[in-house]
Ligand SMILES: O=C(O)CCC(=O)C(=O)O
Ligand SMILES: [Fe+2]
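Numbering (our numbering), first residue to last: 35 to 345.
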């Protein structure tokens, strides 16, 4: 007995299936172009998003000076109109800014000197340091971050501090300070004898550890003249390299027209008039350790301080 195959209308025959597969294949071939385009677009979007996130700050309008550039001759100067805040302060002829701006030079402090100063900072900060991401060491007042507060290294460590710092360290600091003072005076057309070192002047060490207290929140926008009172010219000497010693941590001028950055480089000096024409912040450090020194100058002799010295 032969089994009769009964045709089932719900089950298409082999021919039908083959035709359907061919139809689907040609439909897929037709839509492959747009699909590939969509996939490509997705890859580009994800890459751009990753690059923006990896670069740390998405609002950079312009990079004024890159880490890889060397400003080896004259400082690179950017003029900025002075803010009106200066009208509210006593004027000191020969020092109070008549022209405001910002400038960067790699020709004032050598990388070797920056390395020596960085070692000095490392030695001092290894005595304590903040629990959060930002520690300072002020050789003038002796303030050193410790846990959630500060101690005075000269009082806390007494005579032992002579085993940490040498008189050569202090000599180097004062030598470098004098050179920075000279370049600030020359760039802004001031009399260097009528501007004075002022406090606070401090080494900073920043890493990506989360903030534990407000002192660790170094990234807030601020105006130095408002924050520190006596500052008329701020200078920053960088002791480590953006991109290789740390990521994030760029210096950002926050102008009404956009953000402008300076990328730190060991030995680089960045300086600017301290009024609200130079509102700024430091981008959060995302990896590694960033060292810098804030060295600032006042026009008011009443706020002058001497170079730091071993007690
Ligand atoms: O370290 C820096 O780049 C900037 C520090 C700063 O803004 C300051 O000390 O007031
Ligand atoms: Fe500042």
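Just so it is clear, CB atoms sit at the ideal spot from N, CA and C, and this is done for glycine as well. In this text, all values refer to a predicted model and were calculated from it rather than measured experimentally.
Would you tell me roughly how many angstroms separate the C-alpha atoms of residue 264 and residue 130, rounded to the nearest one? Each residue's alpha carbon lies about 12 Å from the other.
Measuring only from the beta carbon, is residue 300 closer than 7 Å to any heavy atom that is part of ligand 1? No; taking the cut-off as 7 Å, the Cβ of residue 300 has no heavy atom of ligand 1 nearer than that.
Based on DSSP bridge pairs, tell me the residues matched to residue 321. Looking at the DSSP assignment, residue 321 forms a beta bridge with 281.
Does DSSP classify residue 299 as helix, strand or coil? Reduced to three states, the DSSP call for residue 299 is coil.
Under three-state DSSP, which class holds residue 337? It is helical.
If we call anything under 8 Å between Cβ atoms a contact, is residue 6 one with residue 315? Examination of residue 6 is not possible in this model, given that the chain is present from 35 through 345 alone.
By a C-beta neighbour count over all protein chains shown, 10 Å radius and 16 as the cutoff for buried, is residue 236 buried or exposed? Around the beta carbon of residue 236, 16 or more other beta carbons lie within 10 angstroms, which makes this residue buried.
Let me confirm a value: residue 123 is counted as buried when at least 16 other C-beta atoms fall within 10 Å, else exposed. Which label applies? Looking at its Cβ environment, which holds fewer than 16 other Cβ atoms inside 10 Å, residue 123 is exposed.
To which residues of the same chain is residue 31 closer than 8 Å at the C-beta, ignoring the five residues directly before and after it? This structure cannot speak to residue 31, because the chain is shown only from 35 to 345.
I'd like to check one pair, residue 253 with residue 297: are the Cβ atoms closer than 8 Å? No, the Cβ-Cβ distance between residue 297 and residue 253 is not below 8 Å.
Along the chain, where does the alpha helix (DSSP H) that runs through residue 158 open and close? 145 to 159 is the span of the alpha helix (DSSP H), which, as asked, contains residue 158.
What do you reckon, are the CB atoms on residue 165 and residue 181 nearer than 8 Å? The answer is yes: Cβ separation under 8 Å.
Reduced DSSP secondary structure (H/G/I, E/B, other) of residue 329: Three-state result, residue 329: strand.
Below 7 Å, is the gap between the Cβ of residue 285 and the nearest heavy atom of ligand 1? At least one heavy atom of ligand 1 is nearer than 7 Å to the Cβ of residue 285, so yes.
Ligand 2 heavy atom lying under 7 Å from the CB of residue 139: For ligand 2, not one heavy atom lies less than 7 Å from the Cβ of residue 139.
DSSP on residue 257, reduced to helix/strand/coil? The answer is coil: DSSP assigns residue 257 none of H, G, I, E or B.
Where does residue 266 land, buried or exposed, given buried means 16+ other C-beta within 10 angstroms? In the assembly as shown, residue 266 is a buried residue. Its beta-carbon has 16 or more other beta-carbons within 10 Å.
Can you tell me which of 295, 312, 238 puts its alpha carbon nearest to the alpha carbon of residue 152? Residue nearest to residue 152 within the set 295, 312, 238 is 238 (criterion: CA-CA distance).
Spatial neighbours of residue 243 within its chain, please: CB distance less than 7 Å, with the 5 preceding and 5 following residues excluded, ordered by chain position. Closer than 7 Å at Cβ, skipping near neighbours: 166, 167.
Within the same chain, show all residues whose beta-carbon is closer than 7 Å to that of residue 331, passing over the 5 residues directly before and after it, in chain order. 215, 218, 229, 230, 231, 232, 266, 267, listed in sequence order.
Just to confirm, does residue 316 get its C-beta within under 7 Å of one of the non-hydrogen atoms of ligand 1? Yes, since a heavy atom of ligand 1 falls inside the 7 Å radius drawn around the Cβ of residue 316.
Pick out the complete beta strand (DSSP E) segments inside the stretch 162 to 187, 3 residues or longer, and give them in chain order. When DSSP assignments are scanned along the stretch 162 to 187, the uninterrupted stretches of beta strand (DSSP E) that are 3 or more residues long and fall wholly within it turn out to be 168 to 171, 177 to 181, 183 to 186.
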